[in-house]
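Numbering of the sequence shown is given in our numbering, commencing with residue 5 and proceeding in unit increments.
Glycine included, each C-beta is placed from N, C-alpha and C at the ideal position.
Presented below is the structure to which this report refers.
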Amino acid sequence: MKHLYYLLLAIILLPCHAANAQLITTSPAIVQRSSNPIVITFHADQGNKGLMGLTSSTPVYAHTGIIRKGSTKWEYAPQWLDNSAKYKLSYVSANTWQLTIPGINEYYGITDAVEVEKLAFVFRNANGSKEGKTADGGDIFVNVVQDNEFELTLTSSAESEYITQARDITFTATTTSSADIDIYLNSMTSTPVASAKSTTALTKTIAINTPGTYNIIARATSGTKTATQTSTITYLGQSTQTDYPGGIPQMGAKANSDGSVTFCLAAPDKSNVLIVGSWNDYDIATSLPMHYQDYNGNRYFWATVSGLAADTDYPYYYLGDPYANLVLDPWNDRYISPTVFPDMPPYPSDKVNDVPLAVYNSSINDYEWKIKNFKGVDQSALVIYELLIRDFNGSEGQSLGNGTIAGVMEKLDYLKELGVNAIELLPVMEFNGNNSWGYNPNFYFAPDKAYGTPDDYRKLVDAIHERGMAVILDVVFNQSDGLHPWYRMYDIDRNPFYNGTAPHSYSVLNDWNQDNQLVQQQFKDALIYWLTSYNVDGFRFDLVKGLGSNQSYNATYNQSTNTWSGVTEDKTNAYNASRVARMKELHDAMRTVKPDAYFINEDLAGAKEENEMAEDKETNWANINNASCQFAMGWQSGSNLNRFYAPLDDNRIWGSTVSYSESHDEERMAYKCAQWGNTGIKGNVAMTMRRLGSVAAMMLMSPGAHMIWQFQEFGADETTKNGDGSNNTSPKKVVWNYLNDPDRAGLKQSYSELCAIRNGNPQMFKEGVTTVMSCDESNWANGRTIKLSNGTDELYCIVNPNISGSKAIEVPFTKDAAQYHLLSASYGVEPSLSGKSVTLPAGAYAVYGTAGMTDIEDIIDDVTPQINVYGGIGEIIIEGDYRELDIFNISGQRIHGTSGLPATIYIVIVDGTSNKVVVR
């Protein structure tokens, strides 16, 4: 497609808040090399506002250094978190702090030989958990002028270059040495509005009374040296009340039947929004303000633009559009390779600065799907592969974080062969930077470009569906990063969309106000958008404990600061009916477009709360990592793995959990084995892989949904934690070469076999199957077993937990030994079945089934004399009388109906008996 690029510049006018107000001011106004003293005034309510609202008793420190001429490197800075008195700021007034530097040489410990071009700052609290930086999270710099240089600055009392009402504005011109200074209005060919001879400062107040653009120009002459500076003020018109077309505002960009496009933004408590376009050469002064409509207690601004060409990219913004389908990032897009995102719309840096741009294109959501009506397995039958695109592929053996969608596509056949039936992607909605887990989203309707184009994401979904696997997205509705437009539009103490601090104890980044109806509408609209425009099959909801109503946490609200106090973990972890209601509302929104979409909560709450969610057909994460690690390391204490089965996890509803032994949030089992494994396990890769296979067996042979974290299947062992136990989110090594190790490849084969047992025998993992779990701490010395029985079909998982020696484990077989055949066993292990016992070496597992059970190598076609089952052309034919019929494809997906079927292999279960059927 040929791309044409235009800009729609929508400017939000922020009364009492300046988008370009100064983050720091200095005295003297121009800092010279020999200035002494230098007073740095830090305005905490500007920039990223990370230190806004701190009390006078809260220590604030400067981390500061110098930048040499011709360099970008910090030098002569202290160690991070140096809380020496020289770096401590003094409290002046609310959000205003000062640092006094006695002189550059003295303060930074340098000599005149060091050519200083800038002073560099990051302000912080005592432990560094909060930082004051620029609006886009950058370092703060103060230019240093050499003593022999002549410099002129021009400042104004205006908080922004845009005003919306008549006012007087004071302009001040300052020079580094005595000069003749003139101030002009609009043109230096006119008579100066103020002049002074032989001075270093000149001030003039100018009345701005009528809409238009005003250029204030300062000129200073000192001997043969002349300098000029210009400050521009634009007095804009007012937004007017006019209802949105049709009367009900719809956020985002909406195409109209006549070819025009209506852009709409919710901006409560704002009075003016201006949209500026290429049709008037981005002339703000002559552009028309957007209309506004007050609807259901909120104010919406909208404008309809005509003449936009089809299939053409139009970047635009109102401090960014919360509903943008594609976002251009002025700070990070330049680092995305054109091989990852070819023909990315360029950021118009000559027209716009320091704001994310949305992109409108009439065909941005057009895609011809190969698989239009994908149907996955029942939610309780999910075996999910949790995948972080960044680290799943890329440079082998390195931790560069350069994985892409293209790399994932190359491994889809591997995942299909592994036997999983769903892939869960860590968050891919536009996040801050290019290197992230994705739990710092800024825009919920745009895929992040670091991994590929929007159509790359769609091709990935299509390809996953072609292989019989579902796609689940991890979504983050608890918090956003600092570039979300609704965050940037307001000071945090009066932001209707965000809490200044969270009312719960799991605060991360910027906490959404879950009680704001626009926030919830955004979330519902985003879920529907991804289900329809990207054809995904469901979602995993991150940090559900933070999605309750504000008041539900029984904290105390301070309206003046928009903050909460009295927050405790006990209150956060208590039963919370508002979380149950919230998730049901989101689920109901999903059901309007995809009734059977997967719904997975990371609530990690009590059984009462999670069972109420389960009654709404939601599933909940079940973290079995600690017990799994204990077993893998060879420690009996704390190794109860019965919780893999929901009814044994505090009486949770059958099939209501997605249990896992590893996730992105938990430590790798193999790492803990290497660090703290029992005798014969620590430092023994072969034994470690064997025990990890036994954990997999106990998990996957337990009925219910389960999850595998990427590379778990071959024993990834790089730590995922920092020294303090927090998550280490930095890139991890790509370790596909681990499969060259026979023991690790053997573990992967165990996973494949175990998944094949589930896929080939779905009747053994559905509700109603008799399940006996004997995998708790008491089942150590004499071995562990899982028994599944459905009619005459039986399935047994047997595990020897001991760290040394073989063990004959008694198994509750109901038939003669000859009636059971081996379906899977630990790599390199040959179990011995005799009578009602199975002998296994230490750490090993074995899975046995009755004659009707299917393994990875063979599917038994066991047709009773009374019933004949066979495949025809596009159909399955069943001759004879039967009571119960279940049909699954080879990936374990349930099939409805016996005709109109694609050519492939099917598992047809008639009255509990499995049959392999080939349809041509």
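For residue j and residue i, the rounded distance between their alpha carbons
{"i": "ILE44", "j": "ILE144", "result": "11 Å"}
{"i": "ILE185", "j": "GLN233", "result": "11 Å"}
{"i": "GLY847", "j": "THR76", "result": "56 Å"}
{"i": "ALA907", "j": "HIS900", "result": "15 Å"}
{"i": "ASP315", "j": "TRP490", "result": "29 Å"}
{"i": "GLN242", "j": "SER161", "result": "22 Å"}
{"i": "VAL922", "j": "PHE447", "result": "47 Å"}
{"i": "GLN870", "j": "PHE817", "result": "Residue placement at GLN870 is poorly supported in this model, since its pLDDT is 48, which falls under 50; the coordinates are not used for a value here."}
{"i": "ASP485", "j": "MET433", "result": "12 Å"}
{"i": "GLY142", "j": "SER31", "result": "23 Å"}
{"i": "PRO272", "j": "TYR443", "result": "27 Å"}
{"i": "GLU470", "j": "ASN377", "result": "11 Å"}
{"i": "ASP151", "j": "GLN50", "result": "30 Å"}
{"i": "ASN300", "j": "ASP354", "result": "39 Å"}
{"i": "TRP680", "j": "ASN741", "result": "25 Å"}
{"i": "VAL387", "j": "CYS759", "result": "8 Å"}
{"i": "THR868", "j": "ASP885", "result": "Residue confidence for THR868 is low, a pLDDT of 36 falling below 50, so the modelled location carries little weight; the figure read from the coordinates is stated next. When rounded, the distance between both Cα atoms is 11 Å."}
{"i": "LYS415", "j": "ARG595", "result": "31 Å"}
{"i": "GLN383", "j": "LEU240", "result": "55 Å"}
{"i": "GLN297", "j": "LYS274", "result": "11 Å"}
{"i": "SER440", "j": "HIS668", "result": "13 Å"}
{"i": "PHE715", "j": "VAL480", "result": "23 Å"}
{"i": "ASP337", "j": "ASN514", "result": "23 Å"}
Buried versus exposed, by CB contacts within 10 Å (16 or more), residue i
{"i": "GLU573", "result": "exposed"}
{"i": "VAL912", "result": "buried"}
{"i": "LYS676", "result": "buried"}
{"i": "VAL776", "result": "exposed"}
{"i": "THR661", "result": "buried"}
{"i": "ASN562", "result": "exposed"}
{"i": "GLY708", "result": "buried"}
{"i": "GLY311", "result": "exposed"}
{"i": "ILE180", "result": "Note that residue 180 is Thr in the sequence shown here, rather than Ile. Per the 10 Å Cβ criterion, buried."}
{"i": "ASP86", "result": "exposed"}
{"i": "GLY3", "result": "The chain is shown only over 5 to 924; residue 3 falls outside these bounds and no answer can be derived."}
{"i": "LYS752", "result": "buried"}
{"i": "GLY380", "result": "buried"}
{"i": "TRP534", "result": "buried"}
{"i": "VAL738", "result": "buried"}
{"i": "TYR339", "result": "exposed"}
Identity of the residues DSSP links to residue i by a beta bridge
{"i": "TYR218", "result": "ILE237"}
{"i": "TRP78", "result": "ILE71"}
{"i": "GLY256", "result": "CYS268"}
{"i": "ARG544", "result": "ASP478 and ILE604"}
{"i": "PHE305", "result": "LEU269 and TYR296"}
Cβ-Cβ separation, residue j to residue i (assumed contact under 8 Å), whole Å
{"i": "ALA450", "j": "ASN438", "result": "ALA450 to ASN438, Cβ: 14 Å. No contact."}
{"i": "LEU464", "j": "VAL540", "result": "Not a contact, Cβ separation roughly 10 Å."}
{"i": "GLY113", "j": "ASN40", "result": "Contact doesn't hold; Cβ gap of about 15 Å is too wide."}
{"i": "TYR389", "j": "LEU419", "result": "6 Å"}
{"i": "ASN580", "j": "ASN503", "result": "Incorrect: roughly 16 Å between the Cβ atoms, too far for contact."}
{"i": "ALA124", "j": "ILE70", "result": "7 Å"}
{"i": "VAL424", "j": "MET493", "result": "Between MET493 and VAL424 the Cβ distance is about 42 Å, and since that is not below 8 Å, they are no contact."}
{"i": "ILE212", "j": "PHE175", "result": "About 11 Å separates the two Cβ atoms, so there is no contact after all."}
{"i": "SER838", "j": "ALA821", "result": "7 Å"}
{"i": "LEU743", "j": "PHE718", "result": "6 Å"}
{"i": "TYR364", "j": "TYR318", "result": "5 Å"}
{"i": "VAL64", "j": "PHE127", "result": "6 Å"}
Within 8 Å, strictly: CB atoms of residue i and residue j
{"i": "LEU487", "j": "GLY642", "result": "no"}
{"i": "TYR304", "j": "ALA328", "result": "no"}
{"i": "TYR755", "j": "HIS710", "result": "no"}
{"i": "VAL842", "j": "ALA855", "result": "no"}
{"i": "ALA626", "j": "LYS549", "result": "no"}
{"i": "ILE802", "j": "LEU844", "result": "yes"}
{"i": "ALA222", "j": "LEU278", "result": "no"}
{"i": "ALA231", "j": "LEU206", "result": "no"}
{"i": "PRO835", "j": "GLY405", "result": "no"}
{"i": "MET637", "j": "ILE685", "result": "yes"}
{"i": "TRP306", "j": "TYR351", "result": "no"}
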